[in-house]
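Novice:
Number of protein chains: 2
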Amino acid sequence: MQLKKYTDYGLRILMYLASFDADDKCAEPKLATIREICDTFDLSANHVNKVVHHLGRLQLIETRRGKNGGFLLAKQPEDISLAFVIRQLEGDEKWIECENPYCVAMPACELKGIVARGKELFYDYLSQYTLKSLMVKAPQLRQIFSTAS
Amino acid sequence: MQLKKYTDYGLRILMYLASFDADDKCAEPKLATIREICDTFDLSANHVNKVVHHLGRLQLIETRRGKNGGFLLAKQPEDISLAFVIRQLEGDEKWIECENPYCVAMPACELKGIVARGKELFYDYLSQYTLKSLMVKAPQLRQIFSTAS
DNA sequence: TCAAACATACATTCATAATGCATTTATTAT
DNA sequence: ATAATAAATGCATTATGAATGTATGTTTGA
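Each protein sequence line maps, in turn, to chains A and B.
Every letter in the first sequence is one number past the one before it in our numbering, and letter 138, counting from 1, is 138.
Start counting at 1 in the second sequence, then tack on 149, and there's your number in our numbering.
This is the structure in structure tokens:
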């Protein structure tokens, strides 16, 4: 019972982008690259590659191919819900499985509903927060990210 | 992000025991055996073996070795919290991991706290329910269990 | 047209949950 | 006492899926 690293990496990437976004609203926004993310967080390029692609498909970031390409947030940090990000990256599966292997108790089982509602509570709670909520220490984050690599 | 089958099996076992417990308060309580559980739910004896042992160590069930041995609930169903059972069987690990691989953002990261609180909310919710909450359809469960295998 | 950057597909490794197997220990009926 | 039964324990194996690695394609700007 733990979030996948995949999801974790996705959140790190978004935090990275948001920290620069908070920097300067007027200037042409900085593009990040996969290489840059990997250097900063010391992660595998391939895995980051996939997560970035996924974030792009989710329209959370805008990706640009080619020379001087890269990616940036596609929306304002306050419009990116943590619940959405985690649900999508994590995959929205049931937290308890009655079918595999099949449980004979299923027709009379109260458990699956209870766990399902608990899961929804978790996501409801997360939906109070956005990427902006993670930016309360943006200057410190920027400092960390610029020093790292 | 899913409960382990191990945890699931543990809950099934407890439900099985509780369904009989609800049956007849006065009679010497029926003992279940691992074999019986395996037959009923069509599970591997070895895995069930381990879960039963674990439930015993947690003092949720009382196990008896030897001929005519088996196990039964060690407390009333209303005193067995689903939050406790799941937390224990699942292992009480963090839902997000900052150390592996280490995340440079950690000193300025709001995320870990948010996820941790969400996790606690999940368990707080579960702590409203006990094994007794799973017995609202006890007669039907008994019927299922007696027919199965 | 070259180089940089993401896109995509497939293969491989790794972690760990899920099983399997064998043996030991405790208990009780005979 | 002894045999049978049931949990306890330890170790080995398999299965699953996440996490990586490798390779190549595609787009784009200089």
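Ideal Cβ placement from N, Cα and C applies to all residues, glycine included.
Treat the numbers as computed from the prediction; the structure is a model and nothing was measured.
If I measure Cβ to Cβ from LYS94 of chain A and keep anything under 6 Å in the same chain, skipping five residues before and after, which residues do I get?
Specialist: The answer is none, since no qualifying residue turns up.
Novice: Considering only residues of the region 59-109 of chain A, which uninterrupted alpha helix (DSSP H) runs meet the minimum length of 4 residues and lie entirely inside it, listed in chain order?
Specialist: Fully enclosed alpha helix (DSSP H) runs of 4 or longer: 82-90.
Novice: Assuming THR7 of chain A contacts ILE80 of chain A under a Cβ cut-off of 8 Å, what Cβ separation, rounded to an integer in Å, is found between them?
Specialist: Actually they do not touch by this definition, with Cβ atoms about 14 Å apart.
Novice: For a contact defined as C-beta to C-beta under 7 Å, what are the partners of ALA105 of chain A on chain B?
Specialist: Within chain B, the residues near ALA105 of chain A are ARG161, MET164, LEU290, ILE293.
Novice: Determine the direct distance from the alpha carbon of THR189 of chain B to that of ALA223 of chain B, and round the result to whole angstroms.
Specialist: Whole-angstrom Cα-Cα distance: 21 Å.
Novice: Hey, out of A:GLN128, A:ASP21, A:MET106, A:LEU43, whose CA is closest to GLY10 of chain A's CA?
Specialist: Of A:GLN128, A:ASP21, A:MET106, A:LEU43, the residue nearest in Cα terms is A:LEU43.
Novice: Using a threshold of 7 Å, state whether the C-beta atoms of LEU141 of chain A and ALA257 of chain B are closer than that.
Specialist: Yes; because the gap between Cβ atoms is below 7 Å, this pair is in contact.
Novice: For GLU211 of chain B and LYS199 of chain B, I'd like the C-alpha separation in whole angstroms.
Specialist: So the two alpha carbons sit approximately 14 Å from each other.
Novice: Please return the same chain residues whose Cβ sits closer than 6 Å to the Cβ of ARG161 of chain B, not counting the five positions on each side in sequence.
Specialist: Excluding residues within five positions, the ones whose Cβ falls inside 6 Å are PHE190.
Novice: Just to make sure I have the definition right: I need the residues of chain B whose C-beta is within less than 8 Å of the C-beta of THR33 of chain A. Which are they?
Specialist: Those do not exist, as THR33 of chain A stays about 17 Å from chain B at its closest Cβ, beyond 8 Å.
Novice: Note down, one range per segment and in chain order, each alpha helix (DSSP H) of at least 4 residues found wholly within the region 1-35 of chain A.
Specialist: If we require 4 residues or more, the alpha helix (DSSP H) runs fully inside the region 1-35 of chain A come out as 5-21.
Novice: In whole angstroms, what is the alpha-carbon distance linking ARG35 of chain A and GLU90 of chain A?
Specialist: Looking at the two C-alpha atoms, the distance is approximately 23 Å.
Novice: Could you tell me the distance, in whole angstroms, from the CA atom of ARG206 of chain B to the CA atom of ASP21 of chain A?
Specialist: Near 52 Å, if we compare the C-alpha coordinates of ASP21 of chain A and ARG206 of chain B.
Novice: For a contact defined as C-beta to C-beta under 7 Å, what are the partners of PHE41 of chain A on chain B?
Specialist: Under the 7 Å cutoff, chain B gives CYS252, VAL253.
Novice: Anything in chain B within Cβ reach of TYR125 of chain A, meaning under 9 Å, just list it in chain order.
Specialist: The contacting residues are ILE263, ARG266, GLY267, LEU270, PHE271.
Novice: Using 8 Å for Cβ pairs, my map puts ILE293 of chain B next to ALA105 of chain A. What's the rounded Cβ distance?
Specialist: Correct: roughly 6 Å between the Cβ atoms.
Novice: Cβ atoms of VAL136 of chain A and GLU259 of chain B: under 7 Å apart, would you say?
Specialist: Yes; because the gap between Cβ atoms is below 7 Å, this pair is in contact.
Novice: How many Å lie between GLU99 of chain A and VAL115 of chain A at the Cα?
Specialist: Approximately 15 Å, taken between the alpha carbons.
Novice: Is it buried or exposed for LYS268 of chain B, if we count other Cβ within 10 angstroms and need 16 for buried?
Specialist: Flag for LYS268 of chain B reads buried.
Novice: Hey, could you find the ends of the alpha helix (DSSP H) TYR123 of chain A is sitting in?
Specialist: From DSSP, the alpha helix (DSSP H) with TYR123 of chain A extends over 111-126.
Novice: Between which two residues does the alpha helix (DSSP H) holding LYS132 of chain A run?
Specialist: Looking at the DSSP string, LYS132 of chain A is not in any alpha helix (DSSP H), and its letter there is neither H nor E.
Novice: What is the DSSP secondary structure of ASP42 of chain A, reduced to helix, strand or coil?
Specialist: It is coil, neither helix nor strand.
Novice: Output yes or no for whether 7 Å exceeds the beta carbon distance between LEU126 of chain A and MET15 of chain A.
Specialist: No, Cβ-Cβ distance for LEU126 of chain A and MET15 of chain A is not below 7 Å.
Novice: Checking 7 Å against the spacing of the C-beta atoms, do PRO226 of chain B and ALA287 of chain B come in under that value?
Specialist: No, Cβ-Cβ distance for PRO226 of chain B and ALA287 of chain B is not below 7 Å.
Novice: Pick out whichever of B:GLN277, B:GLN237, B:LYS154 has its Cα sitting closest to the Cα of LEU209 of chain B.
Specialist: It is B:GLN237.
Novice: By the DSSP assignment, the alpha helix (DSSP H) with ALA138 of chain A in it spans what residues?
Specialist: Run containing ALA138 of chain A: 138-147, per the alpha helix (DSSP H) assignment.
Novice: Thinking C-alpha only, which one of B:GLU246, B:LEU152, B:LEU180 is nearest LYS216 of chain B?
Specialist: LYS216 of chain B has its Cα closest to that of B:LEU180, out of B:GLU246, B:LEU152, B:LEU180.
Novice: Measure how close the beta-carbons of PHE271 of chain B and LEU3 of chain A come, nearest whole angstrom, since I'm counting them as under 8 Å.
Specialist: Not confirmed; about 13 Å, so no contact.
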